[in-house]
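Some notes on the structure that comes next.
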Amino acid sequence: MITCSNVSFSYETGRPVLQDLSFTIRDGECVGLIGANGAGKSTVMKLILGLLPCTQGEIRVDEIPVGKETLKDVRRKLGFVLQNSDNQMFMPTVYEDMIFAPLNYGVSKEETEKRVDALLEKLGLQELKHRHNHKISGGEKRMAAIATILAMEPEMILMDEPTAALDPYNRRIVINTIRELPQTKLITSHDLDMILSTCSRVILLSGGKIAADGPAQEILRDKELLEAHRMELPLCLQNAAVPLYQT
Amino acid sequence: MNKMEMALHELAEMDELAAQRSPVHQLHPAAKLIATVIYILVVVSFHKYDLGGLIPMVLWPVLLFQVSGIPVHTCFYKLRIVLPLVLAVGLFNPLLDRAPLLYLGTIPVSGGFLSMLTLMLKGTLCLMASFLLMATTSIDHLCGALRKLHVPGLLVTLLLLTYRYVGVLTEELAIMTDAYHLRAPGQKGIHVSAWGSFLGQLLLRSMDRAQELYASMLLRGYHEHFHYAPLRPFRGKDAVYLAVCAAVFVLLRLLPVTQMLGMLVV
Ligand SMILES: Nc1ncnc2c1ncn2[C@@H]1O[C@H](COP(=O)(O)OP(=O)(O)OP(=O)(O)O)[C@@H](O)[C@H]1O
Ligand SMILES: [Mg+2]
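Taken in sequence, the protein lines are chains B and E.
Numbering-wise, the first sequence is residues 938 to 1184 according to the numbering used here.
Numbering-wise, the second sequence is residues 2 to 267 according to the numbering used here.
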């Protein structure tokens, strides 16, 4: 369970980025955090992970207040897929990156190997196993970054734009994988179709505040609400035909 | 590829060399590390005029190149920047020490000339040995071995992170130079007027990235000490390798091998 109570935040520049945010994500829930560029989605995630200090309000992860002393316990529970996969992978090869977290958490070598192989197969990435991180494509890196987090088997997963840069096939694999994961999940994305098929609930951020919080099916179908906050209906719900290229 | 990407490529090539398979690669990293350290110590300990005694020490790197399948030219190519510096060290010796020390037939050879050659050979051998260690052992295994040998964790982590940070810095630099040249066609290098902002941006960007990478490590359970790629246990063959290497190095140092060979021939 993740609880944010009256959280406000601003970077050093002083301009408030988040204002008085309160919400609770219950165990097993899959919540989509949506909003226009710069709405503060990534900031919310970084606050939950303790990567940014929460100076106003309180965040709790499974009843543990996120703070300097509790970081280790909090982070043990959370897996985070970064918005920029380049910054996620720091070992030379995909394989070494995948075993990093399990070994740190004391999982045995054999168990880690089993996990890694099972995951690579599930995500269709066997071919990437021993490839060098800086020699794989953007989308491949994204898939590998997701794999490194899943190898951790965290209790809760935060994903910042998990499907960005993926081709339709890999996007489908990620969507299916997310749907099968039993963990509590918080996902940000501009891919509202993906949010629609993975999340039961959506929180809409706008101007640093929560503009809406409710069932995904309702919020993502509310054309006026979305458009008022610089967003559009998911493509699958847009009846209008795509304007075609004309000479 | 711009120059930076090339540098990055070379850095990655070292990782790739280290990922190959050969009897040398498969030795325990600690055995290789200790053997290399002993080798370097022995090489350095030769007297400055003892060129003859030093020459047989060439055999070890030559043998390692053969067995590990790493091409010798790769070594010299990668060392092309440091090698001249090392070679330059003894360059003034012939001027300082001109007393003839021995005669090749009737040609006098000065002590300075001899010590210059010895110093150059010592430098080259030490570089080759270090290169061979790096080319047959991945940085993670090397760090793992250092930890096994009780080198303080902080130092080892520093070594590893520095190695990684160089990669991050070069990668950012590559991206930025590309972006610059795409909008400054026909320009050679980066214009002086842009140096300030370019460097500042580079520093900020690479620091940001390094910070985020570090966060990503923390989020995956990293706490002050690395769980380096698990090392396999130290086996009998590693001990044998180490013992044989150490024994041969010490013998080569203590016995006048070149003279003995010379006597055999004569
Ligand atoms: N390090 C920083 N220093 C100062 N301001 C920042 C920093 N990072 C982000 N911001 C600002 O905070 C606001 C929220 O940023 P955030 O990254 O959370 O947005 P986001 O909702 O994730 O956007 P996107 O959809 O583009 O990823 C933005 O206006 C951004 O300019
Ligand atoms: Mg973001």
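Here a beta-carbon is modelled for each residue, glycine too, at the ideal position from N, C-alpha and C.
All values derive from a computational prediction rather than experimental measurement.
Proximal residues of chain B, C-beta to C-beta of residue i below 9 Å
i                  : result
Glu-11 of chain E  : By Cβ distance, chain B contributes nothing, its closest Cβ being about 13 Å from Glu-11 of chain E, past 9 Å.
Arg-210 of chain E : Asn-1021, Asp-1023 and Asn-1024
Glu-172 of chain E : Asp-1023 and His-1071
Residues that residue i contacts on chain E, provided the C-beta gap is smaller than 8 Å
i                   : result
Phe-1027 of chain B : Arg-165, Leu-214, Ser-217 and Met-218
Arg-1012 of chain B : Leu-219, Leu-220 and Gly-222
Residue burial classification, residue i (beta-carbon count within 10 angstroms, cutoff 16)
i                   : result
Asn-943 of chain B  : exposed
Asn-1070 of chain B : buried
Leu-46 of chain E   : Note that residue 46 of chain E is Ser in the sequence shown, not Leu. Label assigned to Ser-46 of chain E: exposed.
Pro-1119 of chain B : exposed
Asn-94 of chain E   : buried
Gly-972 of chain B  : buried
Ala-89 of chain E   : exposed
Leu-1123 of chain B : buried
Ser-69 of chain E   : buried
Arg-221 of chain E  : buried
Ile-108 of chain E  : exposed
Gly-975 of chain B  : exposed
Arg-233 of chain E  : exposed
His-48 of chain E   : exposed
Asp-141 of chain E  : buried
Leu-1019 of chain B : buried
Interface residues of chain B facing residue i [CB-CB closer than 8 Å]
i                  : result
Ser-139 of chain E : Pro-1029
Asp-179 of chain E : By Cβ distance, chain B contributes nothing, its closest Cβ being about 15 Å from Asp-179 of chain E, past 8 Å.
Spatial neighbours of residue i in its chain, beta-carbon cut-off 6 Å, leaving aside the 5 residues before and after
i                   : result
Asp-964 of chain B  : Met-938 and Thr-1121
Thr-1173 of chain B : With the sequence shown as reference, residue 1173 of chain B is identified as Cys, and Thr is not the correct amino acid for it. So the list reads Asp-1130, once near-sequence residues are dropped.
Val-147 of chain E  : The sequence shown places Leu at residue 147 of chain E, not Val. The answer, listed in chain order, is Val-157.
Val-258 of chain E  : Pro-57
Tyr-164 of chain E  : Ile-140
Proximal residues to residue i (C-beta, below 8 Å), its chain only, five neighbours per side dropped
i                   : result
Gly-1075 of chain B : Ser-1022 and Ala-1102
Arg-1108 of chain B : Thr-1100, Asp-1128 and Met-1131
Ser-139 of chain E  : Asp-16, Ala-19, Ala-20 and Ala-230
Leu-1162 of chain B : Leu-1141, Ala-1148, Ala-1149 and Ile-1156
Ala-1088 of chain B : Met-1035, Ile-1036, Ala-1038, Pro-1039, Thr-1049, Arg-1052, Val-1053 and Leu-1056
Thr-178 of chain E  : Asn-3, Lys-4, Met-5 and Ile-191
Leu-1170 of chain B : Leu-1129, Leu-1157, Arg-1158, Lys-1160 and Leu-1163
Leu-253 of chain E  : Val-43, Gly-54, Pro-57 and Met-58
Contacts of residue i in chain E (Cβ-Cβ under 7 Å)
i                   : result
Phe-1017 of chain B : Leu-220
Leu-955 of chain B  : Correct list: empty, because the minimum Cβ distance to chain E is about 19 Å.
Leu-988 of chain B  : Ala-216
Per-residue contacts from residue i into chain B (C-beta, under 7 Å)
i                  : result
Tyr-223 of chain E : Asn-1041
7 Å CB neighbourhood of residue i in its chain, flanking five on each side removed
i                   : result
Thr-1049 of chain B : Ile-1036, Pro-1039 and Leu-1040
Glu-966 of chain B  : Thr-1121, Ser-1137 and Arg-1138
Asp-999 of chain B  : Met-938 and Lys-1014
Glu-172 of chain E  : Leu-9
Gly-91 of chain E   : Ser-116, Met-117, Leu-120 and Met-121
Arg-99 of chain E   : Ser-111 and Gly-113
Ile-1001 of chain B : Thr-1007, Asp-1010 and Val-1011
Asp-1104 of chain B : Gly-1076
Counting pairs of beta carbons, one from the stretch 34-51 of chain E and one from the stretch 201-215 of chain E, are three or more of them closer than 8 Å? no
Just by C-beta distance, which residues in the stretch 1029-1046 of chain B are closer than 7 Å to chain E? Pro-1029, Glu-1033, Phe-1037, Ala-1038, Leu-1040, Asn-1041, Tyr-1042 and Lys-1046
**Asked** Is the stretch 76-85 of chain E close to the stretch 113-129 of chain E, with three or more CB pairs under 8 Å?
**Response** Contact between the stretch 76-85 of chain E and the stretch 113-129 of chain E is present: three or more C-beta pairs spanning the two stretches fall below 8 Å.
Original post:
Going along the stretch 1086-1120 of chain B in order, which residues come within less than 7 Å of chain E, judged by CB to CB distance?
Top reply: Near chain E, meaning a CB-to-CB distance below 7 Å, the residues of the stretch 1086-1120 of chain B are Met-1089.
Should the stretch 944-952 of chain B be regarded as contacting the stretch 974-989 of chain B, the criterion being three or more beta carbon pairs within less than 8 Å? Inter-segment contact for the stretch 944-952 of chain B and the stretch 974-989 of chain B is present: three or more beta-carbon pairs are separated by less than 8 Å.
- Members of the stretch 1062-1074 of chain B near chain E, C-beta cut-off 8 Å: Only His-1067, His-1069, His-1071 and Lys-1072 from the stretch 1062-1074 of chain B bring a Cβ to less than 8 Å from some Cβ of chain E.
- Count the C-beta pairs between the stretch 1141-1151 of chain B and the stretch 1159-1172 of chain B that are closer than 8 Å, then say yes if the count reaches three, no if not. The answer is yes - the stretch 1159-1172 of chain B touches the stretch 1141-1151 of chain B, with three or more Cβ pairs under 8 Å.
* Check whether the stretch 987-1001 of chain B touches the stretch 1024-1031 of chain B, counting contact only when three or more Cβ pairs, one atom from each stretch, lie closer than 8 Å. => no
Quick check: the stretch 1003-1015 of chain B against the stretch 1055-1066 of chain B, are there 3 or more CB pairs under 8 Å?
no
* Three or more beta-carbon pairs under 8 Å between the stretch 230-247 of chain E and the stretch 1051-1065 of chain B, yes or no? -> No, they do not touch.
*Listed from N- to C-terminal order along the chain, which residues in the stretch 6-32 of chain E have their beta-carbon within a distance smaller than 8 Å of any beta-carbon of chain B?*
Leu-9, Ala-13, Asp-16, Glu-17 and Ala-20
Meets three-Cβ-pair contact criterion under 8 Å: the stretch 188-201 of chain E and the stretch 110-119 of chain E: no
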